[in-house]
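Those sequence lines, one after another, are chains A and B. When we follow my numbering, the leftmost residue of the first sequence carries the number 1, and every step to the right adds one. When we follow my numbering, the leftmost residue of the second sequence carries the number 186, and every step to the right adds one. In what follows, a structure is listed as structure tokens, so that the remarks can point back to it.
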Amino acid sequence: MRTEIRIAGFGGQGVLMCGIVIAKAASLFDNKYAVQTQSYGPEARGGASRTEVVVSDEQIDYPKVENPQIFVAMSHEALIKYIDDIQEEAILLIDPDLVYQEQIQDIITQKKLQVYHSRATQTAEETIGKKIVANIVMLGSFVESTGIISVEAAKESVLDSVPKGTEELNMKAFEEGRKIVEKIN
Amino acid sequence: MTEKELFVQGNEACALGALKAGCTFFAGYPITPSTEIAEIMSNELPKIGGHFIQMEDEIAAVGAIIGASWAGQKVVTATSGPGFSLMQENIGYAVMTETPIVIINMQRGSPSTGQPTRSAQADMMQCRWGSHGDYETIALAPSSVQECFDYTIKAFNLAEKYRCPVFVMADEIVGHMREKITIPENIPITPRQMPEKTENYLPYDAPENGTTPMPSFGQGYNIHVTGLTHDKRGYPSTDDDQTHTQLVTRLCNKITKNTEEIVEIESQYIDDAQTIVLSYGIPSRSALTAVKQARQQGLKVGYIKLKTVWPFPAQQLQQLSKNAKRIIVPELNLGQVYLEVDRVLGKQAKVELIPKIGGALHTPKEILDKILEE
Numbered sequence: 001m002r003t004e005i006r007i008a009g010f011g012g013q014g015v016l017m018c019g020i021v022i023a024k025a026a027s028l029f030d031n032k033y034a035v036q037t038q039s040y041g042p043e044a045r046g047g048a049s050r051t052e053v054v055v056s057d058e059q060i061d062y063p064k065v066e067n068p069q070i071f072v073a074m075s076h077e078a079l080i081k082y083i084d085d086i087q088e089e090a091i092l093l094i095d096p097d098l099v100y101q102e103q104i105q106d107i108i109t110q111k112k113l114q115v116y117h118s119r120a121t122q123t124a125e126e127t128i129g130k131k132i133v134a135n136i137v138m139l140g141s142f143v144e145s146t147g148i149i150s151v152e153a154a155k156e157s158v159l160d161s162v163p164k165g166t167e168e169l170n171m172k173a174f175e176e177g178r179k180i181v182e183k184i185n
Numbered sequence: 186m187t188e189k190e191l192f193v194q195g196n197e198a199c200a201l202g203a204l205k206a207g208c209t210f211f212a213g214y215p216i217t218p219s220t221e222i223a224e225i226m227s228n229e230l231p232k233i234g235g236h237f238i239q240m241e242d243e244i245a246a247v248g249a250i251i252g253a254s255w256a257g258q259k260v261v262t263a264t265s266g267p268g269f270s271l272m273q274e275n276i277g278y279a280v281m282t283e284t285p286i287v288i289i290n291m292q293r294g295s296p297s298t299g300q301p302t303r304s305a306q307a308d309m310m311q312c313r314w315g316s317h318g319d320y321e322t323i324a325l326a327p328s329s330v331q332e333c334f335d336y337t338i339k340a341f342n343l344a345e346k347y348r349c350p351v352f353v354m355a356d357e358i359v360g361h362m363r364e365k366i367t368i369p370e371n372i373p374i375t376p377r378q379m380p381e382k383t384e385n386y387l388p389y390d391a392p393e394n395g396t397t398p399m400p401s402f403g404q405g406y407n408i409h410v411t412g413l414t415h416d417k418r419g420y421p422s423t424d425d426d427q428t429h430t431q432l433v434t435r436l437c438n439k440i441t442k443n444t445e446e447i448v449e450i451e452s453q454y455i456d457d458a459q460t461i462v463l464s465y466g467i468p469s470r471s472a473l474t475a476v477k478q479a480r481q482q483g484l485k486v487g488y489i490k491l492k493t494v495w496p497f498p499a500q501q502l503q504q505l506s507k508n509a510k511r512i513i514v515p516e517l518n519l520g521q522v523y524l525e526v527d528r529v530l531g532k533q534a535k536v537e538l539i540p541k542i543g544g545a546l547h548t549p550k551e552i553l554d555k556i557l558e559e
């Protein structure tokens, strides 16, 4: 089965890193096929940033995402910009503090989206004490709400990807993310 | 070392491939979307006693790698369109002086500075004809991260074997895409072929396959390296018709007469195919998806991927597609390799282009729609 995932936010939030960790988890630690691609402008920070991951049990020919079955949004701008081609009944995982859900209520109803909330940024800032790990909090929520990669693979992939000395911090962020995710509808 | 699996970017895979192939020297000018290659080489080369130099521009970058190659190093540079344009003069110099160099071009939207962070395949003809004069070239087009690794190694091996510039013509998508790669335990690496004796050594002789063993500076050989037309000793001889004809013909022949050995083509579903989608590089991933979808609908559609675009595998393609009535060529440009396909297959089949510019990859649907047009 082929699953198309899109993660979007603004540059500097670690959106790209989140996509890399998911794809690496699937491909190196869950023994599936995975491709991660990205789209970015010339800015290093700010601006809409997007990464896409395809996970499959079979070899992946076409590497891009056309109609995501999972969409993670960490900014309102990115949510509005990239939601149009989302699949029916897709999972929409958002940070409610950063997006105005009421503005996309029509598309949620029309496409019967399954909406999940993860207050990743606030949790990173207040519970963990480091805003920078918001992406790993979101990853925890992603794993919990979608099940597309295993918890073990996700953890191994995080440990394989983060700078030395930050492992404990990131593991805490990951576990917190698993706890705080809520299904809304 | 045992087999190793990594999850990396195409650019990283190119750098790892270069190091695996024995590269000890990189000179370049970082440019999006190839910058990661320079970054990795700058980190890794000093660790193995190699050298990394950030040059003032890409003209100098190719100058430096040519010099280092003559000093016995295996060399590479990486760039994108604007840098590739600047490199053209010295590419001709490498051709004329028979210097093994590898150039990786992560193609981006163009002309000029165009779209730094978007994909294109619009430098394919520049790669073939960009420097002045009659010459032949070798170009490989990876469509996956694994191929970025494999083809970079192959580029080094071919450069050594034929003493010429070899191009890895990738693109922004494959350069920035991440996939799992497997690094095998044993990879064949072609070493520099050194001459056996210093006496009576002719650095530009014309042996069987057209390639003369190459010494390094400092080994005791008397060598003259020049872009001027030269004799077998390397001495300039610019007003003799014969010398020029022999030299330039040999330089072209050493590639064209070895086309069969150099080129690699991948094909699937070809035997009964009435229509063939022929592509190279990243669009071949969309092409394969579209061909599989067409087969599911019961259509007799085949798939050909050129792993090597130059030298152009004319005879091989004529043979492979002899039963086909239509050839569809998707490219990330407004029609470049398509012209060559039409030249070679136009008499036996109808050749149709699916051009695409702007930065995105053809979707499988765009290719399937073209297949279904007839």
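The beta-carbon is built from N, C-alpha and C at its ideal position, and this holds for glycine as well. Since the model is a prediction, treat every value here as computed from it, not as a measurement.
Per-residue contacts from Thr3/A into chain B (C-beta, under 8 Å): By Cβ distance, chain B contributes nothing, its closest Cβ being about 16 Å from Thr3/A, past 8 Å.
Contiguous alpha helix (DSSP H) assignments of at least 4 residues, all confined to the stretch 451 to 518 of chain B: 468 to 481 and 499 to 505
Opening and closing residue of the alpha helix (DSSP H) in which Met291/B lies: No alpha helix (DSSP H) contains Met291/B, which is instead part of the beta strand (DSSP E) from Ile286 to Gly294.
Neighbour-count burial assignment, Ala256/B, 16 or more Cβ in a 10 Å radius: exposed
Interface residues of chain A facing Arg480/B [CB-CB closer than 8 Å]: What Arg480/B touches in chain A: nothing, since even the nearest Cβ is about 13 Å away.
Where Val35/A meets chain B, residues with beta-carbon distance less than 8 Å: Met362, Arg363 and Glu364
Own chain partners of Ile180/A with C-beta closer than 7 Å, once the 5 adjacent residues on each side are dropped: Ser118, Arg119, Thr123 and Ser141
For Pro540/B, the three-state DSSP class (helix, strand or coil): strand
Chain-ordered neighbours of Pro63/A on chain B, where CB pairs are closer than 7 Å: Met362 and Arg470
Identity of the residues DSSP links to Ile238/B by a beta bridge: Ala212/B
Under 9 Å by beta carbon: chain A residues contacting Ile358/B: Thr37, Pro63 and Lys64
Span separating the alpha-carbon of Met138/A from that of His361/B: 23 Å
Which residues DSSP lists as bridging Ile323/B, in chain order: Val351/B
Beta bridge counterpart(s) of Lys183/A as assigned by DSSP: Tyr116/A
Glu190/B at chain A interface by Cβ criterion, 9 Å: yes
Which residues DSSP lists as bridging Arg6/A, in chain order: Glu52/A and Phe71/A
Per-residue contacts from Leu546/B into chain A (C-beta, under 7 Å): Lys64
Any C-beta of chain B under 9 Å from that of Ile20/A: yes
Phe192/B burial status per 10 Å Cβ neighbour count (16 or more: buried): buried
Residues of the stretch 129 to 157 of chain A whose Cβ lies closer than 7 Å to any Cβ of chain B, in chain order: none
Proximity test, Cβ basis, 9 Å: Met171/A and chain B: no
Residue-chain proximity (Thr264/B, chain A), Cβ-Cβ < 9 Å: no
Cβ contact (3+ pairs, closer than 8 Å) linking the stretch 58 to 72 of chain A and the stretch 459 to 475 of chain B: yes
Best match in Ser49/A, Ala34/A, Val162/A and Lys24/A for proximity to Leu16/A [C-alpha to C-alpha]: Ser49/A
Span separating the alpha-carbon of Arg348/B from that of Glu167/A: 48 Å
Contacting positions in the stretch 472 to 501 of chain B - beta carbon closer than 8 Å to chain A: Leu473, Thr474 and Lys477
Residue of Asp97/A, Lys112/A and Leu93/A minimising C-alpha distance to Gln87/A: Lys112/A
Residue burial classification, Phe402/B (beta-carbon count within 10 angstroms, cutoff 16): exposed
Burial state of Met219/A (16 or more Cβ within 10 Å): Here chain A comprises residues numbered 1 to 185, so residue 219/A is not present and cannot be evaluated.
Chain-ordered residues of the stretch 67 to 87 of chain A with a beta carbon less than 7 Å from chain B: none
Residues sharing a beta bridge with Phe192/B, DSSP: Lys365/B
Supposed contact pair Gln478/B and Leu553/B - C-beta distance, whole angstroms, cut 8 Å: 5 Å
Exposed unless 16 or more other CB atoms sit within 10 angstroms - verdict on Ile276/B: buried
Segment contact flag, the stretch 91 to 103 of chain A with the stretch 70 to 79 of chain A, C-beta cutoff 8 Å, min 3 pairs: yes
Residue burial classification, Lys541/B (beta-carbon count within 10 angstroms, cutoff 16): buried
At least 3 beta-carbon pairs within less than 8 Å: the stretch 510 to 526 of chain B vs the stretch 268 to 286 of chain B: no
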